[in-house]
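Numbering (the numbering used here), first residue to last: 278 to 573.
Heads up, the beta-carbon is just placed ideally off N, CA and C, and yes, glycines get one too.
Here's the structure, in C-alpha cells; my notes come after.
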Ligand SMILES: [Zn+2]
C-alpha cells in the first residue's frame, strides 16, 4: 500500500486489521496517526451487576468506558468482566463472560472478548472455556487474578486449565508474582502466556524482564507499576525484544494514556512502538485458536 493511500485511509479510520498485520512499518511522521489503531491488551469493563475495579467511580457503565477510551485514543482492546474475576459461583463467571460477549457484539470490531473462570468447580470451568471459544469466538483467557477469590496456580486443577488453553491455542493472561510467573512459564512451555505488570521494586522489575526474556512463550503487558520508571521500557525491549512487549493499561483501574505517553516518548524506533501499541496483540490474536480452525 502506498504511503499516501495508507495515510488517507488512516485519516478516514478505515485501515483494515490485515493492513496493520501485513503492512510495512509506517513512516515516522505518521506514527501519531496510528493511535487510531492502538490496541489495549488489558481492559476490565464495568459490569452490569455494578462490579467495577475503579476505586472511585467516574466511568460507571460501558458507554462511559468507551467514551474514556476514545478520549485516550485507544481504539481497540481485549475486554474481560470484573463480575467473572470476583465470581463466587460458576453462574457469576458465566454471567460476566456473557456480558463480555454482548459488548463484543454491540461494539463490533472494537473489542475482543476474554473468558475468565475460577477453577473451584473444575469441570464447569473447563466447559465454560470451551463454550466461550466455540460459541463466542474468544481466543483469550484472563486476566486471571487468583488473589481475588483465593485459588492457586500450582494445583492439578490449574494444570488442566493450562492444558486446555494449550490444546485450544488460547492466549492466557495471568497476574501473579515473579516466582509463580517463572514456574508457569517453565511448566507450560507450549502455552502462550501474557503476564501483566512490570513489577514494583527495581530488583523485581529487572527479575521479571530477565525471566520473560528467557521464556519465549511469555509476554509482558505494560500495565500497572513499573512503566512510570523512565528507562524500564527501553530495558524491556532491549532484553526481551519488541515482539513480546504489549501495550496494556488495566483500565478501568489505571489511566490508559499514561502508558501510551511512556511508549510514545521512549527511546525506541517507530517500528518498535508500533509493535508494542498494536502489532503484537494483533499477531497473538490472529494466531490464536488455530487448532479449532484446523478441525473445521
Ligand atoms: Zn487487570
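Problem set entry | Close-in-space but distant-in-sequence residues of the same chain around residue 339 (CB under 7 Å, 5 per side omitted) | 322, 323 and 380
For this session: When you get a sec, list the residues whose CB is within less than 5 Å of any heavy atom of ligand 1, chain order please.
Result: 420 and 527
For this session: Taking the CB atoms as reference points, tell me whether residue 384 and residue 343 lie closer together than 8 Å.
Result: yes
For this session: Measure from the alpha carbon of residue 500 to the alpha carbon of each residue in 362, 522, 511 and 425, then state which is nearest.
Result: Ranking the options by Cα distance to residue 500, first place goes to 522.
Exercise. Do residue 603 and residue 443 have their CB atoms nearer than 8 Å?
Worked result: Residue 603 is absent from the structure shown; the chain starts at 278 and stops at 573.
Exercise. What do you reckon, are the CB atoms on residue 473 and residue 450 nearer than 8 Å?
Worked result: yes
For this session: On a CA-only basis, which of 514, 426 and 387 is nearest residue 362? Give me that one, please.
Result: Closest by alpha carbon: 426.
For this session: Return the chain-ordered list of same chain residues with a C-beta closer than 8 Å to the C-beta of residue 481, the five sequence neighbours on each side being excluded.
Result: Residues of the same chain with a CB within less than 8 Å of the CB of residue 481, apart from the 5 flanking positions on each side, are 455 in chain order.
For this session: Could you give the DSSP three-state label for residue 319: helix, strand or coil?
Result: strand
For this session: Report back the beta-carbon spacing between residue 496 and residue 420 to the nearest angstrom; my notes put them in contact at under 8 Å.
Result: Not quite, the Cβ-Cβ distance comes to about 13 Å (not below 8 Å), so this is no contact.
Problem set entry | Endpoints, the alpha helix (DSSP H) within which residue 502 is located | Taken as a continuous stretch (DSSP letters only), residue 502 belongs to no alpha helix (DSSP H), as it is neither H nor E.
Exercise. So what's residue 417 in DSSP terms, helix, strand or just coil?
Worked result: strand
Exercise. Looking at the unbroken beta strand (DSSP E) that takes in residue 354, where does it start and where does it end?
Worked result: 353-358
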